[in-house]
Amino acid sequence: MYNELEGEIAVVTGGSKGIGTAISKRFGSEKMNVVVNYFSDSKGADKAVKIIEEAGGKGLAIQANIGEEAGVQKLIDAAIAEFGGLDVWVNNAGVENQSPTHELSLEDWNRVLTTNLTGVFLGSKAALNYFVKNSKKGNIINLSSVHEQIPWPGFAHYAASKGGVKLFTESIAMEYAKQNIRVNNIGPGAINTPINAKKFANPVQYEETASMVPMHRIGAPEEVAAAATWLASDESSYVTGITLFVDGGMTLYPAFQDGKG
Ligand code: BGC
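Numbering (full-length UniProt numbering), first residue to last: 1 to 261.
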């Protein structure tokens, strides 16, 4: 528990499933007020709100397209109207699909870049605007990926979006550091979320991925939520512009693990 988080107000984009729900739940158990954004999964968002409230916090589900300026505005307006302000903004929403790049449709490219990169820009812009205009210290946490660093054939658009998030985060972390606004990334590796549910339900595919992780297992959404909560707390008060990898060592060149090379 981080006592200072009690009563703080957070927006979590893509909070209706996976890592977004786990972060919302953990924020709830810190007794925070959480705006849970969803795009289409209203049931998942309602469930997340219930989980937050059972954990001891307050939740509010809001439908919005975070790829549009009006969408993120709706979220910040809800945080202010319902809970009285904003302390932590989590850009979590993300999408991915696999395609050989020579066949990748412009539509899929745009869809992935819009949610994963433009959404991070728009969410950060809305949060920064609030923090700057109200002379408030602020906290922005972006869910990037190990693929901000590891190239991913067949997912070039996804990797490009996450590489973009890395430099966007570093740039705005510097730009707003003097105002005591901290901006950090979390880089999850292979985590058991709905994006991966099918893949990891198959023991062969589970093993295939686990073998690329020095800790040899898939991570749990709660392990990512723990990192987000630390970044939201004052325990990380001197940390800005980093990517905190939560990946069981996936970014450490696992092919070398047993002294090969
Ligand atoms: C992706 C997962 C993938 C993991 C490791 C994440 O960013 O969302 O689908 O398993 O990276 O490759």
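For each residue, glycine too, the CB sits at the ideal point set by N, CA and C.
### Task
Report back the beta-carbon spacing between Arg-111 and Val-95 to the nearest angstrom; my notes put them in contact at under 8 Å.
Along the sequence shown, one-based indexing puts residue 111 at 111. Along the sequence shown, one-based indexing puts residue 95 at 95. Correct: roughly 6 Å between the Cβ atoms.
### Task
Could you please give the first and the last residue of the uninterrupted beta strand (DSSP E) stretch that includes Lys-58?
Numbered from 1 along the sequence shown, position 58 holds the residue referred to as residue 58. First-last of the beta strand (DSSP E) with Lys-58: 58-63.
#### Entry: Cβ-Cβ separation, Gly-154 to Ile-191 (assumed contact under 8 Å), whole Å
Looking up residue 191 in the sequence shown gives position 191. Looking up residue 154 in the sequence shown gives position 154. With 8 Å as the limit, Ile-191 and Gly-154 do not qualify as a contact, their Cβ atoms being about 19 Å apart.
### Query
Assuming Leu-5 contacts Met-32 under a Cβ cut-off of 8 Å, what Cβ separation, rounded to an integer in Å, is found between them?
As a working mapping, residue 5 is identified with position 5 in the sequence shown. As a working mapping, residue 32 is identified with position 32 in the sequence shown. In this structure, Leu-5 and Met-32 form a Cβ contact; the two beta carbons are roughly 6 Å apart against a cut-off of 8 Å.
### Task
Return the chain-ordered list of same chain residues with a C-beta closer than 8 Å to the C-beta of Phe-83, the five sequence neighbours on each side being excluded.
Residue mapping note: residue 83 aligns to position 83 of the sequence shown, counting from 1. Excluding residues up to 5 positions away in sequence, Ile-9, Asn-33, Val-35, Lys-58, Leu-60 lie with their Cβ nearer than 8 Å to the Cβ of Phe-83 in the same chain.
### Query
Can you find at least 3 beta carbon pairs, one from the segment 38-53 and one from the segment 7-26, that sit closer than 8 Å?
In short, these stretches touch, since the Cβ pair count reaches three.
### Task
Identify which residue in Thr-243, Glu-69, Glu-103 has its Cα closest to the Cα of Pro-188.
Here residue 188 corresponds to residue number 188 of the sequence shown, with the count starting at 1. Of the candidates Thr-243, Glu-69, Glu-103, the one whose C-alpha sits nearest the C-alpha of Pro-188 is Thr-243.
### Query
Excluding five sequence neighbours on each side, which residues of the same chain lie with their C-beta closer than 7 Å to the C-beta of Ser-236?
Taking the sequence shown and counting its residues from 1, the one referred to as residue 236 is at position 236. Correct list, in chain order: Trp-230.
### Message
Given 6 Å as the limit, tell me if Ile-195 has its C-beta closer than that to any heavy atom belonging to ligand 1.
### Response
If you number the sequence shown from 1, residue 195 lands on position 195. Checking the Cβ of Ile-195 against ligand 1 gives yes.
### Message
Using 7 Å as the threshold, is the C-beta distance between Thr-13 and Gly-123 below it?
### Response
If you number the sequence shown from 1, residue 13 lands on position 13. If you number the sequence shown from 1, residue 123 lands on position 123. A contact, by the Cβ cut-off of 7 Å.
### Task
Name the residue from Arg-217, Ala-197, Ile-19, Gly-241 whose alpha carbon lies nearest to the alpha carbon of Met-250.
As a working note, residue 250 is residue 250 in the sequence shown. Cα-wise, what sits closest to Met-250 is Arg-217.
#### Entry: Exposure of Lys-43, with buried meaning 16 or more beta-carbon neighbours within 10 Å
Indexing the sequence shown from 1 puts residue 43 at position 43. That one is exposed.
### Query
What residues in its chain sit with their C-beta under 7 Å from that of Ala-177, if we drop five residues either side in the sequence?
Sequence index remark: in the sequence shown, residue 177 carries index 177 (1-based). Around Ala-177: Thr-240.
### Task
Please work out which residues of its chain come closer than 6 Å, Cβ to Cβ, to Ala-79, disregarding the five sequence neighbours upstream and downstream, and give them in chain order.
Counted from its first residue, the sequence shown places residue 79 at position 79. Short of 6 Å from the beta carbon of Ala-79, and not among the five residues preceding or following it, lie these beta carbons of its own chain, in chain order: Ile-9, Val-11, Val-35, Leu-86.
### Message
Which same chain residues end up closer than 7 Å to Asp-41 when comparing Cβ atoms and leaving out the 5 residues on each side of it in sequence?
### Response
Position 41 of the sequence shown, counted from the first residue, corresponds to residue 41. Once the five neighbours on either side are set aside, the close Cβ partners of Asp-41 are Ser-16, Lys-17.
### Query
Between the C-alpha atoms of Lys-260 and Glu-208, what's the straight-line distance to the nearest angstrom?
Residue mapping note: residue 260 aligns to position 260 of the sequence shown, counting from 1. Residue mapping note: residue 208 aligns to position 208 of the sequence shown, counting from 1. Distance between the alpha carbons of Lys-260 and Glu-208: 19 Å.
### Query
Could you give the distance in angstroms between the alpha-carbon of Arg-182 and the alpha-carbon of Ala-81?
The sequence position of residue 182 within the sequence shown is 182, counting from 1. The sequence position of residue 81 within the sequence shown is 81, counting from 1. Arg-182 and Ala-81 have their C-alpha atoms spaced approximately 24 Å apart.
### Task
Evaluate Ser-145 with the Cβ neighbour count: other Cβ atoms within 10 Å of its Cβ, from every protein chain shown; 16 or more gives buried, anything less gives exposed.
As a working note, residue 145 is residue 145 in the sequence shown. The residue in question, Ser-145, is buried, as its Cβ has 16 or more Cβ neighbours within 10 Å.
### Message
In the DSSP output, which residue or residues are listed as bridge partners for Pro-188?
### Response
Here residue 188 refers to the residue found at position 188 when the sequence shown is read from its first residue. Its beta-bridge partners are Val-246.
### Query
To the nearest angstrom, how far is it from the Cα of Val-204 to the Cα of Phe-256?
Numbered from its first residue, the sequence shown carries residue 204 at position 204. Numbered from its first residue, the sequence shown carries residue 256 at position 256. Using only the alpha carbons, I get a separation of about 22 Å.
### Query
DSSP state of Trp-230, grouped into three classes?
Stepping through the sequence shown from its first residue, residue 230 is reached at position 230. Note: Trp-230 maps to helix in three-state DSSP.
### Task
Could you tell me whether the Cβ atoms of Asn-142 and Thr-169 are closer together than 7 Å?
Within the sequence shown, residue 142 is the residue found at index 142, counting from 1. Within the sequence shown, residue 169 is the residue found at index 169, counting from 1. Their beta carbons are under 7 Å apart, which means Asn-142 touches Thr-169 by this criterion.
### Query
Terminal residues of the continuous beta strand (DSSP E) containing Val-34?
Numbered from 1 along the sequence shown, position 34 holds the residue referred to as residue 34. Going by DSSP, Val-34 is part of the beta strand (DSSP E) stretching over 33-38.
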